[in-house]
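Numbering (UniProt numbering), first residue to last: 1 to 232. Heads up, the beta-carbon is just placed ideally off N, CA and C, and yes, glycines get one too. Just so you know, these numbers come straight off a predicted model, no measurement behind them.
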């Protein structure tokens, strides 16, 4: 199912992407403040230098509308970010830029300010070939180690919301996270090559995937060092 090893030579015909930012939006279908942030994420996701990911949380389900994309794992990731910053506060809508900074996602100026400071130092490449997804993470001797996350997502889906704060609205959502899987460790001295069966990566629900190389401290998420994404 999964091969992990040292970085390999570049594949013929590969397209190398060089994003500068991963934007993780924590949102909810039951949050009346979230639709502008959902729309902003869609716009950000059209920019080639940005990887956009929408994590629908479940902690607002009790107010009348269970989010159809909501997962406890998404709420847990947001809580882990808060804990890593010495806080217990979580809210929607929130955008986290490169794992470093959390901002109120409906405030465009704050989002753009965070993006203006964003950069990723570890080059990551993804390419599809013969039903396999090849991921190359380059070496960076002297850099801190990072964990490798595979995040799958659905590019777009519309939802009719029947109850709760957004009752009666038809919402168009994009970059909807469907799952997250730990693939292993990135070794900065040697780099890492992953070979993943595309059908198993995407499953029945997803049509895109992102690979994130992220630092960790005491089991909590830190800065995202490198990333790439792929849409089937």
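How would you call residue i, buried or exposed, if buried means at least 16 neighbouring beta carbons within 10 angstroms?
| i | result |
| --- | --- |
| residue 145 | exposed |
| residue 111 | buried |
| residue 141 | exposed |
| residue 131 | exposed |
| residue 13 | A caution first: residue 13 carries a pLDDT of 37, below 50, which makes its placement in the model unreliable, though a value can still be read off. Exposed: under 16 other Cβ atoms inside 10 Å. |
| residue 199 | exposed |
| residue 231 | exposed |
| residue 65 | buried |
| residue 166 | buried |
| residue 10 | Only weak support is given to the placement of residue 10: the predicted model assigns it a pLDDT of 37, under 50, and the value that follows is read from those uncertain coordinates. By the 10 Å Cβ count, residue 10 comes out exposed. |
| residue 106 | buried |
Between which two residues does the beta strand (DSSP E) carrying residue i extend?
| i | result |
| --- | --- |
| residue 236 | Not covered by the structure: residue 236. The range shown for the chain is 1 to 232. |
| residue 52 | 50-56 |
| residue 209 | 208-217 |
| residue 229 | 220-231 |
In this structure, what does DSSP give as the bridge partners for residue i?
| i | result |
| --- | --- |
| residue 171 | 159 |
| residue 95 | 25 and 103 |
| residue 154 | 176 |
| residue 123 | In the DSSP output, where bridge partners are listed per residue, residue 123 has none listed. |
| residue 146 | 186 |
Hey, quick one: how far does the alpha helix (DSSP H) through residue i stretch, first residue to last?
| i | result |
| --- | --- |
| residue 235 | Lying outside 1 to 232, the shown extent of the chain, residue 235 is not represented and no answer is given. |
| residue 112 | 108-116 |
| residue 200 | 198-202 |
Residue i CB to nearest chain B CB: under 9 Å?
| i | result |
| --- | --- |
| residue 162 | The structure shown contains no chain B, having only a single protein chain. |
TODO: Flag this pair as touching only if the stretch 69-76 and the stretch 37-47 have three or more C-beta atom pairs under 8 Å; answer yes or no.
DONE: The stretch 69-76, when compared against the stretch 37-47, does not touch it at the 8 Å Cβ threshold.
TODO: Mind the definition here: the stretch 106-126 touches the stretch 87-97 only if three or more C-beta pairs lie below 8 Å; say whether that holds.
DONE: Yes, the stretch 106-126 touches the stretch 87-97.
Task: Cβ contact check for the stretch 192-208 and the stretch 60-70: 3 or more pairs under 8 Å - done: no
Task: Three-pair Cβ contact test at 8 Å for the stretch 78-94 versus the stretch 24-42 - done: yes
- [ ] State whether the stretch 149-163 contacts the stretch 172-183, with contact taken as three or more CB pairs (one from each stretch) at a distance under 8 Å.
- [x] yes
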